[in-house]
Amino acid sequence: RGIGFWTPEKGLTQKLSSNSTTKSKLKPIIWPGDSTSDPKGWEVPTNEKKLRIGVPVKKGFSYFVNVTIDPKTQEPTSVTGFCIDVFKAVIQELPYAVAYDFVPYGQPDGTSSGSYNDLIYQVFLGEFDAAVGDITILLNRSNYVDFTLPYTESGVSMIVPIKDSKKRNAWVFLQPLTWDLWVTSGCFFIFIGFVVWALEHRVNEDFRGPARHQVGTSFWFSFSTMVFSQRERVISNLARFVVIVWYFVVLVLTQSYTASLTSLLTVQQLQPTITDVKMLIKRGDNVGYQKGSFVLGILKQLGFDERKLVVYNSPEECHELFQKGSANGGIAAAFEEIPYGKLLVGQHCYKYTMVEPTFKTAGFGFAFPLHSPLVHDVSKAILSVTEGDKMKEIEDAWFKKHSSCPDASTVVSSRSLGLNSFWGLFLIAGIAAILALIIFLAVFVGQHRNVLRNSESSLLSRIRIFLRIFVSKDLSAHTFKDKGGIQVHSMGATEASPDSRYPASPSSYSQHADSHFGFYGEQGTPRTEYAQAPPEIVSAVELTNPDQEIARSPQVVRENN
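Numbering follows the UniProt record's numbering, with no gaps: position 328 of the sequence shown is 328.
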């Protein structure tokens, strides 16, 4: 058969040159076996028979291995599952072709013919050329067969129910913040209120009045900043600086509190009901395991009473046992390999979770007879599949719909906000308030240092006078210089405003008079250095109607000493 042209330079080719248009009458190659398709490589000698791959037959957890049997002929019609798809992908990665047939290890009625250990033993006896399925690599099994490298996660984990650990009551609004943050916030509200009063009371009418009124106004102003509803004006620049910084602190604090409270009221605070294996043994709770699984041996080694061990065949049966509870013949926990556990948790979002401890195992692998030449090549092919995108595609095809549930560990309780999260903000607010207070006191002491230096009076008297000046109005402030249309002059007669329809309040003049009146000592006698009265002051009448006309000429009164 003419199959091509051979030249020393190019070897075997179907064209003599790239520009050749001659249609040669070449024929396809017929390979051994009367096949015209190119072979993949050399085929493993199997005595002219395909490999018999033993597959376990089980009722539950069909996502891993599922054998469908025709009820009429009682012959297997299909073998599917995650493990089967992984095996097919691995065989395709081999550099040579391997022919095989899946042979279910079960009865014609669809029941299993034995345990997984029995299936492994059948490979040892030569009944099967390999075993494929959710078969865990164990030491005692490796005495009879050779395992490939694992292709799944390894380990046995404990599965327990989860519940909402937060008890919602009438005082749930206190839970977003810890007690130290509540106390610190309250202290700072009082402190900021005091600082604003100290900076404002001498120049701002809103912060003046009787002592009780001033205290109430200070607290009201400070606590009303939580909702930014304060009505009092802030006049001094130092107070404005303090309030701006405090606004930022309050904004962050209130927004964090709102977010944390919303989380407490709406998001389930899920916690596992049991976290310790010893507690299960001590309480004598029932625990479950999958039928035919080697997990039974682990439970016996841990010290569980065999009467407390409950068998299940499927995730649905396991869920029903959890719903009954240990006291009603159900289970309090289940021990399962990680691949099975993830499937169970994924099918029941927010109901179960896997907790420590995790008992180490080697994972799922394929079993071949001892010293089989396929083990090495299949293991290399498994690495090629697991490290590439093929394994992700297979996992998504079988488990993606169950992996959409968020991991329970991501929704386990949101903790209360503590002082350690906000101490930086309080530090900034405290430094700003103290700095403003220091600047204010430095300026105030500098303006009235003559009172403290007066050596003619006792130290106690000078301190009392200094404090009286501190709590009095600062008539030199711009807020009192031109108020209500009447110009106030110190130590002199005052003139009526061109428009006397809007006179100043009487309190302005009484304070003005008090500023020139002597401060009483301990016996109530005016001191001579402050006893001289001002020549003249203007008295004004408060108007109930701004449009009311009053006399243009002010009355002149004198102060009686």
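Note that CB positions come from ideal geometry on N, CA and C, so glycine has one too.
Query	Result
Contact between the stretch 129 to 144 and the stretch 342 to 354 (3+ Cβ pairs under 8 Å)	no
Separation of W6 from G126, as counted between CA atoms	48 Å
Per DSSP, cross-strand counterpart(s) of I162	P272
Buried or exposed (CB count within 10 angstroms, at least 16 for buried), M279	exposed
CB contact flag (E337, T358, <8 Å)	no
8 Å Cβ cutoff, S236 in contact with chain D	The structure shown contains no chain D; it is built from a single protein chain.
Counterpart residues of residue 568 in DSSP-defined beta bridges	With the chain covering only 1 through 561, there is no way to say anything about residue 568.
Candidates K58, V277 and R468, of which the one nearest V156 by Cα	V277
Three CB pairs or more closer than 8 Å across the stretch 288 to 308 and the stretch 366 to 373	no
Terminal residues of the beta strand (DSSP E) in which T148 lies	Element bounds for T148: n/a, residue is neither H nor E.
CA-to-CA distance, L181 to G418, given in whole angstroms	6 Å
According to DSSP, residues forming a beta bridge with N66	T80
As assigned by DSSP and simplified to three states, the class of G2	coil
Residues sharing a beta bridge with E337, DSSP	V156
Buried versus exposed call for V445 [16 or more other C-beta atoms within 10 Å across all chains shown]	exposed
Cβ shell of G330 (< 8 Å), same chain only, five flanking positions each side left out	N286, V310, E320, L321, F322, Q323 and K324
L302 to E356 span [Cα, whole Å]	14 Å
Burial state of F82 (16 or more Cβ within 10 Å)	buried
Host alpha helix (DSSP H) of A381 (start-end)	L374 to E387
Buried versus exposed, by CB contacts within 10 Å (16 or more), W197	buried
DSSP-derived helix/strand/coil call for R141	helix
Residues that DSSP places opposite V310 in a beta bridge	G288
Residue 574, DSSP secondary structure in three states	There is no way to answer for residue 574, as the model of the chain reaches only from 1 to 561.
Selected residue, minimal CA-CA separation from F399, among D38, V250, V98 and D85	D85
Alpha-carbon to alpha-carbon, I439 and A259	37 Å
V160 to V295 span [Cα, whole Å]	16 Å
Environment of N420 [buried if 16+ CB atoms lie within 10 Å]	exposed
Three-state secondary structure assigned by DSSP to M354	strand
Residue of A97, Q175 and R141 minimising C-alpha distance to L261	Q175
Assigned exposure category for G388 - 16 Cβ within 10 Å defines buried	exposed
Residue range of the beta strand (DSSP E) that includes V103	Y100 to Y105
Of the residues D109, F87, T184 and V215, the one placed nearest A99, counting alpha carbons only	F87
Test item: CB-CB of A477 and V234 under 8 Å	no
Three-state secondary structure (DSSP) of T262	helix
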